[in-house]
Amino acid sequence: MSLVTLRDITLGFGHPTLMENINLRIEEGERIALLGRNGCGKSTLLKLLTKEILPDSGEIQFRTGLVVARMSQDVAGDISGTNYAVIASGLGEIGQHINDYHQFSRKIDDPASMDRMHLAQEKIDSANAWHYIQRIEIVLSKLLLNGDEDFRSLSGGQSRRVLLGRALVQEPNILLLDEPTNHLDISMIEWLEDFLLAQNTSLVFVSHDRRFVRRLATRIIELERGQLTSWPGDYDEYRKNRELMLSAELKNEALEDKKLAAEESWIRQGIKARRTRNEGRVRALEELRRQRQARRERVGNVNIAIQQSERSGKIVIEAENISYAYDEQPIVKDFSITIMRGDKIGLLGPNGVGKTTLLRLLLGELGPQSGRLKHGTRLDIAYFDQQRAQLDDNATVIDNLALGKDSVTINGREKHVIGYLQDFLFAPDRARSPVNALSGGEKNRLLLAKMFCRPSNVLVLDEPTNDLDFETLDLLEQLLVDYSGTLLLISHDRSFINDVVTSTLSFEGDGVIDEYVGGYDDWMRQRTAAKAEKKSAPKTATAKSRVTKQTKLSYKLQRELDELPQKIEQLEQSQQALHDSMAEPDYFKHAEEDIAKDQKKLAEIDSELEQAYSRWEELDA
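So the sequence shown is numbered by our numbering: it starts at 257 and just counts up by one.
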């Protein structure tokens with residue numbers, strides 16, 4: 257018998273209904289990924305499976321004795337206690353005894369505490385539940401949580417990690433997870449994948465992390481336009497078969513629309529047609545009308561584009577031995593980098609290690625405590641802040657975007673703000689809603705809309721992928737790949753990093769940051785090889801490499817290296833001035849010898865620039 261069976265379930269909180277006559281069976285050992293657009297009802301379906309809400313109609317049959325545990329996206333306001341207590345509460349009554357044992361075993365000097373500890377110990381013994389203590393400790397450790405910290409003092413991301421831990425310590429028949437990878441760093445996500453694969457529990461999870469879905473899902477179900485479709489196989493099979501289904505559906509709808517148009521034309525004919533028409537054909541037309549009216553239009557794709565300003569200088573940011581520390585804890589130590597125009601750099605490291613701090617240092621929002629930082633010329637920076645500080649929660653979506661205006665300028669053309677927001681899937685009534693009424697995915701789409709309505713040549717994205725659906729992620733990826741400007745990206749989405757960046761900065765601890773070529777998989781391969789090489793290398797070779805690294809340039813060469821960036825900047829300014837002059841509409845009305853002189857001068861500057869860059873790279877190496 258199936259663990260859970262849903263038959264003809266209909267549920268709606270208005271019109272259109274979220275679910276309409278849906279059916280689903282969950283079997284033992286299945287790992288089901290539940291996909292769908294934001295607001296389509298995924299979280300509501302999970303609540304149906306825990307009996308938190310009931311359907312308007314239909315039947316849900318649970319196997320006798322079934323235990324279901326759920327981790328929700330939302331943090332309830334009535335949760336209190338230490339992190340240890342909250343996580344242990346997922347185990348019910350025995351969890352309370354485990355928490356008592358944990359608390360009172362550390363107060364053995366107090367006789368009353370000793371009595372409480374022995375009572376808890378007896379309860380744990382009789383339930384044979386000692387393994388749960390180890391399970392709680394593992395979860396706390398892997399999710400980097402302090403068990404003694406007060407839950408109510410935590411940030412939103414930390415509290416969600418505690419709720420994830422509370423769900424994971426249980427051993428239910430079905431585990432329901434709603435966006436479990438949000439606010440987890442890559443090492444936590446990989447541990448979670450391994451943990452879930454090792455369990456015997458059936459799993460139903462909502463996630464926008466494609467790599468997470470690829471690794472875990474044995475079946476995919478999609479909730480769209482009130483209907484639930486099941487796709488056996490993995491994520492890539494689902495994508496391929498879904499495209500085939502959508503293509504067939506579009507063709508079928510086009511045929512239906514063509515037939516309806518023909519029948520509407522027939523019915524509008526004159527007296528002769530009305531005399532000769534038959535009632536069966538009229539009834540068929542009425543049925544076609546009902547079907548067309550009942551058809552739910554699929555949600556469109558986000559239609560976004562990045563506005564690019566004029567090119568920046570070739571050197572975008574130059575950092576030399578910059579350092580920064582909080583309370584004597586090094587965050588960035590002796591870090592040097594030269595970021596060139598067109599570089600796409602990903603920042604990798606655990607939560608709290610200092611990735612956002614490094615971004616702020618590179619952008620000049622924070623001053624380095626030592627070292628030197630220099631920005632290139634003509635920088636137009638657009639910044640996506642994961643804290644969404646650029647959004648006013650109390651203002652409407654429109655006011656956040658247009659600041660009281662009714663239009664925005666996109667690629668030199670005026671566009672009504674409502675039309676622009678519709679490109680980001682905001683219906684007119686949603687565009688007039690306050691930001692505090694939006695979901696996480698909607699807030700991220702609004703921040704992208706706000707960022708992309710102004711030209712840029714440097715994009716700085718701090719966790720832009722949270723809560724974005726797969727279609728929007730795919731489009732954003734392609735836009736960033738095609739972007740000719742410079743990109744700095746923080747993301748825990750491994751697929752996104754792989755597809756977008758050309759190099760990565762890895763935080764190795766104690767402020768040390770190493771640079772690697774390529775994306776996430778390249779970083780993993782190079783890092784593993786470097787560790788193996790370091791482990792097997794003889795001490796003499798290590799000493800030799802250390803001496804080589806410490807070799808300094810002569811005073812003359814160091815001075816030449818220091819002067820090159822200024823020389824390059826001056827050459828680029830001269831180059832840009834010539835380009836601007838030659839772009840004037842009446843430029844080619846000038847005398848031929850003047851045009852030839854400009855072209856020769858431009859070629860000389862181009863050649864000199866190439867030599868300067870080559871020399872700079874040689875000395876810098």
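Glycine included, each C-beta is placed from N, C-alpha and C at the ideal position.
Which whole-angstrom value describes the C-beta separation of Asp725 and Gly697, a residue pair presumed to lie in contact below a C-beta threshold of 8 Å? 7 Å
Let me check understanding here. Comparing Cα to Cα, which of Arg567, Leu731, Asp730 lies closest to Leu832? Just to set this straight, residue 832 is Gln in the shown sequence, not Leu. Looking at the Cα atoms, Arg567 is the closest of the given residues.
With a threshold of 8 Å, are at least 3 pairs of Cβ atoms found where one atom belongs to the region 447-465 and the other to the region 372-383? no
Rank Leu703, Gly421, Ile364 by C-alpha distance to the C-alpha of Thr721 and give the top, closest one. Leu703
With DSSP collapsed to three states, give me the class of Pro367. helix
When the Cα atoms are used, what is the spatial distance from Glu764 to Leu729? 28 Å
Kindly indicate which residue of Thr437, Gly608, Tyr582, Gly569 has the alpha-carbon position closest to the one of Thr594. Gly569
Quick one: complete alpha helix (DSSP H) runs, 4+ long, within the region 396-431? 412-424
Does DSSP put Arg266 in a helix, a strand or coil? At residue 266 the sequence reads Thr, which differs from the Arg that was named. If DSSP states are grouped into helix, strand and coil, Thr266 belongs with the strands.
Do the region 480-499 and the region 752-763 meet, that is, are 3 or more Cβ pairs less than 8 Å apart? no
How is Val331 classed by DSSP in three states: helix, strand or coil? coil
Can you have a look at Ser313 and say buried or exposed, based on whether 16 or more other CB atoms are within 10 angstroms of its CB? exposed
So Ile309 and Thr300 are supposed to be a Cβ contact under 8 Å. How far apart are they, rounded? 7 Å
Can you give me the start and stop residues for the beta strand (DSSP E) that Lys235 sits inside? Given a span of 257 to 877 for the chain in the structure shown, any question on residue 235 remains unanswerable.
By the 10 Å Cβ neighbour count, where 16 or more other Cβ atoms means buried, how is Met257 classified, buried or exposed? exposed
Closer than 8 Å is the cut-off here; do at least three beta carbon pairs connect the region 333-345 with the region 398-409? yes
Can you check which of these residues, Thr273, Gly774, Glu670, is closest to Gly297 by C-alpha distance? Thr273
Please say whether Tyr739 and Cys709 have beta carbons closer to each other than 9 Å? no
Taking contact to mean 3 or more Cβ pairs, one atom from each stretch, closer than 8 Å, check whether the region 583-599 and the region 730-750 are in contact. yes
Between Ser579 and Pro586, which are expected to be in contact by the criterion C-beta below 8 Å, what is the C-beta distance as a whole number of angstroms? 7 Å
I need the DSSP call for Arg597, collapsed to helix, strand or coil. coil
To the nearest angstrom, report how far apart Leu424 and His387 are at their CA atoms. 14 Å
Determine which residues share a DSSP beta bridge with Gly765 and list them. Val768
Ignoring anything shorter than 4 residues, give me the alpha helix (DSSP H) runs that lie fully in the region 725-764, in order along the chain. 726-738, 750-756
Relative to the alpha-carbon of Met373, which residue among Lys823, Asn355, Ser336 has its alpha-carbon at the smallest distance? Asn355
Ordered list of beta strand (DSSP E) runs contained in the region 457-522, each at least 3 residues: 458-462, 475-480, 483-488
Using DSSP with H/G/I as helix, E/B as strand and the rest coil, what is Gly569? coil
Enclosing beta strand (DSSP E) for Arg287 [first to last residue]: 287-291
Measure from the alpha carbon of Glu478 to the alpha carbon of each residue in Ser689, Ala289, Leu813, then state which is nearest. Ala289
Please report the straight-line C-alpha distance between Gly412 and Val331, rounded to a whole angstrom. 8 Å
Would DSSP call Glu576 helix, strand or coil? strand
With C-beta atoms as the reference, is Asp778 less than 9 Å away from Thr760? yes
Using the Cα positions of Ala540 and Lys507, report the straight-line distance between them to the nearest angstrom. 20 Å
Straight-line Cα distance separating Gln826 from Asp850: 22 Å
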